[in-house]
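Numbering (this note's numbering), first residue to last: 1 to 47.
Built from N, CA and C at the ideal position, the CB exists for glycine as well.
So the structure is just underneath, and the comments pick up after that.
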């Protein structure tokens, strides 16, 4: 019984980290570093 609480805390912490913080961080960094490519289209206009 004493291992249930730490296991639940770790589960919730890792769920928030991998499900929220990491995707938000990678999306934000991708938008910042590759701004012109991140929002671009696969179809390029003719020049």
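Handout entry: Spatial distance of residue 1 from residue 19 (CA atoms)
Key = If you take the alpha carbons of residue 1 and residue 19, they lie about 27 angstroms apart.
Handout entry: Inter-residue Cα distance where the pair is residue 6 and residue 21
Key = Their Cα atoms are separated by approximately 21 angstroms.
Exercise for the section: Would you give the residue range spanned by the alpha helix (DSSP H) that residue 25 belongs to? Expected result: Per DSSP, the unbroken alpha helix (DSSP H) holding residue 25 starts and ends at 22–33.
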